[in-house]
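Number of protein chains: 2
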Amino acid sequence: MGIQQFSFNAAETASNKTPRKINRNLVFNLIRTQQPISRADLARVCGLRRSTISLIVEDLIASGWIVEGSLGQLPRGRRPTFLELNSRRAIIALDIHPAQTTIAVADLAGRIIAQQVIDVPQEANKALTAIVAAIRKILATHKERTFDGIGICLPGRTDPHLQKLIFAPNLKWPVLSLKSKMEKATGLRVEMDNVANACVLSEVWFGASDGMHDIVVVNVSEGIGTGIFANGRLLRGESGLAGEFGHVQLQPDGPLCACGNYGCWEVLASNRAGVRYYNETAAVPVASFDQLLRLGQNGDQLATDALKKMAKHLGAGMRMITAALAPREIVVVGDITTAWHMFGSIVLDEMKKHSLSKPPILRPAYDGNAARLRSAVALVFSEGSAWTEQ
Amino acid sequence: MGIQQFSFNAAETASNKTPRKINRNLVFNLIRTQQPISRADLARVCGLRRSTISLIVEDLIASGWIVEGSLGQLPRGRRPTFLELNSRRAIIALDIHPAQTTIAVADLAGRIIAQQVIDVPQEANKALTAIVAAIRKILATHKERTFDGIGICLPGRTDPHLQKLIFAPNLKWPVLSLKSKMEKATGLRVEMDNVANACVLSEVWFGASDGMHDIVVVNVSEGIGTGIFANGRLLRGESGLAGEFGHVQLQPDGPLCACGNYGCWEVLASNRAGVRYYNETAAVPVASFDQLLRLGQNGDQLATDALKKMAKHLGAGMRMITAALAPREIVVVGDITTAWHMFGSIVLDEMKKHSLSKPPILRPAYDGNAARLRSAVALVFSEGSAWTEQ
DNA sequence: CCCTTATTAAGTTCATAGAACATACTATTC
DNA sequence: GAATAGTATGTTCTATGAACTTAATAAGGG
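Line by line, the protein sequences give chains R and U. 390 is the number that the numbering used here gives the last residue of the first sequence; the numbers go up by one with no jumps. 1390 is the number that the numbering used here gives the last residue of the second sequence; the numbers go up by one with no jumps.
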């Protein structure tokens, strides 16, 4: 199965520089994921000759992506020179959330170097100003690093072509040329995407996924968003709105959803649904999902019941995803994962019910907290393919 | 957006022969889709230099994929030599159906050269024998052609790795090494896939789709199967069972489905559902969907109502697909398309209801009848990339 | 114990071959 | 003569294979 079965597109001719592009990409990714690693090991792992590897490595060092590090130990023979990512290169990661926005500095390996919560006003333009100010401050205090771009993950959808924010109901932001405005204001490249999509990239870049199998990330929050990784890429859809499984109607006589339909998955299984289930039965209502979760973890019966109901509906949605895409893994992101030992099995059981195929692996994101910030790194480097240029 | 953002896989290094592979592929596909076409036009269309095109064309002629044809007309200057697919190369196309199996000879351009319905016994091994006999007969009567393989589309799912038939309830066939058995019996390469998947490939190879956008094919028959084309490839899923949207539960209190769940899309919207709707209301039941369709087209009110109900549920499922994948187009295959002028708009309206994004283009397959047979050609040449070898 | 030599592995150098390309050329037609 | 199709040739970029250099340890001899 070749890489590009269907590339009969005029734009994609290959020149004699094409092999280098491909191999450079390959070698860089090997160093990124296997660092520290020597030239000789690179050759063994990927099958290119040592001489070829040397040339490519020289190129990557010259352009500042990697550096030579310490020497390795061997029982005999010349000691290998380890290659590592250049830790002076960094990106700015932004995790925009209705309740709380976090800004961070991360290096190419996804290590979070600095991190802080910032105050962001509700109104879109004021928010933009506040964010740009925070970015300028970061740039000023981290002069020793080279910044390659800004990665933003947010609870909304972006147009894949125009790179505009097109759908962010939870932020109450209108359609917005966020990307170009930020790029003008900061001079840095900006990549932004939905939380679920960003977490998909994070899983593929830093997580257990190898980029060769399909995975689906389900972000359970106020709503439910999913990100789909298929055929070696993020699946964005024509409009950028692929992955809105949250708005599939699973119960035609269910509660009204914000989208206008009744009984969408996210009305049945989101954090809000959990809270609603609890408040329907309890004498004293809870105000937030956090509260509900704490009650449940402390053994409150009504809270547990509400969360179990939510978990069951989550599982029903995962069954839908399994039928639709048969991915290798479904990865869950969101507050509910902190109580996965209590509710994970309920989700799993419901998902497996009458499944046609071997059900996918179901698991929480490998690194719930940092995942969203890390995903910003993945966004900048997977979307823009920054190291491919020149 | 490069071809291969995530190819950090050891197997996929590029050598200095890689550009030729890519460009040869590209040129061949241009000839395939734009034939007849001259070398000069190829150069203009794809951007490669005339000298490069000449070399690649020479190669393709030498290996028998294309031939030089007639000369074109121009107002002045040397007349261009048209290049065409070698019409002596052909494949055998098999459309296996519970009711009726068709065998055909098709050339690279998807032209059906000969076609005949064959008798196939129910039992799997006897069926295999009958099919192999029919193939041998075809091979004997078409000695003037070179056959590159056998493409099979069938109402079942195949394992993408092992190439076994793993799920064919409507055929009542067990898990079966169909591919390897047929290859041994005929000496030809065999590619097989689900009807919906095959039709996806057919759309991309011979239809309006350009291979650059996502499309979903919905095959409405006894059940409902869908094929997904995303990120430039068919989406098969881990198990080969991706696209089973037909078994997503859209109405938890709906009728029992063969899969064990209640209210799956296919129980609500397949041909069988249409028949069921009619028979619930009519005094005299119909035995087949064909009958129902004829009644409806003749203006029978109860039949029309039943078909409208079915159409509405079809639309609800398309809304699900839109939310899940946001494809550019949804293409419908199946008997219902013969009455698309009557029911298409009902499907469309239901699909659009409360849609978050611009809804996809909804249309019947561009060539309902030949599509399934043609898809066999697409199967052989897209999956095996036959012209890439050597 | 020290020095020399062999062995092993890492990394580099260089001639070679495949491929696209730019340029110049030939062929054909009006 | 002008325009267009198609071909031939030298150049450049690339991966490769073989030979080479570098650096470390092991073995052996004095």
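By construction, the Cβ of each residue, glycine as well, lies at the ideal position given by its N, Cα and C atoms. These figures come from a predicted structure and were not determined experimentally.
- Pro1364/U: member of the beta strand (DSSP E) spanning Ile1361 to Pro1364, first to last residue.
- According to the DSSP assignment, Met212/R belongs to no alpha helix (DSSP H), since it is labelled neither H nor E.
- DSSP, reduced to helix, strand and coil, places Ala1104/U within a strand of the structure shown.
- Unbroken alpha helix (DSSP H) stretches of 4 residues or longer found wholly inside the segment 236-276 of chain R: 265-269, given in chain order.
- Interface criterion not met: the Cβ of Ile1056/U is under 8 Å from no Cβ in chain R.
- Leaving aside the five residues that flank Met1320/U on each side, the residues in its chain whose CB is nearer than 8 Å to its CB run, in chain order, Phe1245, Val1248, Leu1250 and Trp1265.
- For Asp1107/U, not one C-beta of chain R is nearer than 8 Å to its own C-beta.
- By the C-beta density criterion, Asp1095/U is buried, having at least 16 other C-beta atoms within 10 angstroms.
- DSSP lists no bridge partner for Val1200/U.
- Counting of Cβ neighbours within 10 angstroms places Gly1064/U among the exposed residues, the total staying below 16.
- Closer than 8 Å to the CB of Arg1328/U there is at least one CB belonging to chain R.
- Ile1228, Phe1229, Ala1230, Asn1231, Gly1232, Arg1233, Leu1234, Leu1235, Arg1236, Gly1237, Glu1238, Ser1239, Gly1240, Leu1241 and Ala1242: these are the residues of the segment 1227-1242 of chain U whose beta carbon lies less than 9 Å from some beta carbon of chain R, given in chain order.
- In the three-state DSSP reduction, Glu1329/U falls in the strand class (E or B).
- Listed in chain order, the positions of the segment 201-219 of chain R with a beta carbon within less than 7 Å of a beta carbon of chain U are Val204, Gly211, Met212, His213 and Asp214.
- Contact between the segment 341-361 of chain R and the segment 107-119 of chain R is absent: fewer than three C-beta pairs spanning the two stretches fall below 8 Å.
- Contact between Val190/R and Asn219/R fails: their C-beta atoms lie close to 21 Å from each other, not under 8 Å.
- Counting only runs of 4 or more residues that sit fully inside the segment 281-345 of chain R, the alpha helix (DSSP H) segments are 289-297 and 301-325, in chain order.
- For Pro252/R, the chain U residues whose Cβ falls inside 7 Å of its Cβ are Gln1251, in order along the chain.
- Contact annotation: the segment 1070-1085 of chain U does not touch the segment 45-56 of chain R, with fewer than three C-beta pairs closer than 8 Å.
- In the DSSP secondary-structure assignment, Glu1191/U is bridged to Gly1151/U.
- A residue is called buried once 16 or more other Cβ atoms fall within 10 Å of its Cβ, and Ser1070/U, having fewer, is exposed.
- Take Thr281/R, set aside five residues on each side of it, and the residues of its chain with a beta-carbon closer than 6 Å to its own are Leu302, in chain order.
- The segment 229-246 of chain R and the segment 200-217 of chain R touch, with no fewer than 3 CB-CB distances between them shorter than 8 Å.
- Around the beta carbon of Asn23/R, a 10 Å sphere encloses 16 or more other beta carbons of the protein chains shown; the residue is thus reported as buried.
- The beta carbon of Leu1171/U does not come within 8 Å of any beta carbon belonging to chain R, so the residue lies off that interface.
- Contact between Ala370/R and Ile91/R does not hold, since their C-beta atoms are separated by about 14 Å, which reaches or exceeds 8 Å.
- By the Cβ test, the segment 1256-1263 of chain U is not in contact with the segment 1305-1323 of chain U, since fewer than three Cβ pairs between them sit closer than 8 Å.
- Against His354/R, the close residues of chain U are Cys1259, Gly1260 and Asn1261, in the order they occur along the chain (beta-carbon pairs closer than 7 Å).
- Of the residues Ser1015/U, Met1351/U and Ile1066/U, the one whose Cα lies closest to the Cα of Val1027/U is Ile1066/U.
- Rounded to the nearest whole angstrom, the CA to CA distance from Leu60/R to Ile138/R is 27 Å.
- Within chain R, Ala323 and Leu356 have C-beta atoms less than 7 Å from the C-beta of His1247/U, given in sequence order.
- Closer than 8 Å to the CB of Glu1144/U there is not a single CB belonging to chain R.
- Between Ala1134/U and Ile1112/U, the CB-CB gap reaches or exceeds 8 Å.
- The secondary-structure analysis by DSSP pairs Arg157/R across a beta bridge with Phe167/R.
- Boundaries of the alpha helix (DSSP H) around Val1027/U: Thr1018 to Gln1034.
- Counting only Cβ-Cβ distances below 9 Å, Pro19/R has contacts in chain U at Thr1013, Ala1014, Ser1015, Asn1016, Lys1017, Thr1018 and Pro1019, in chain order.
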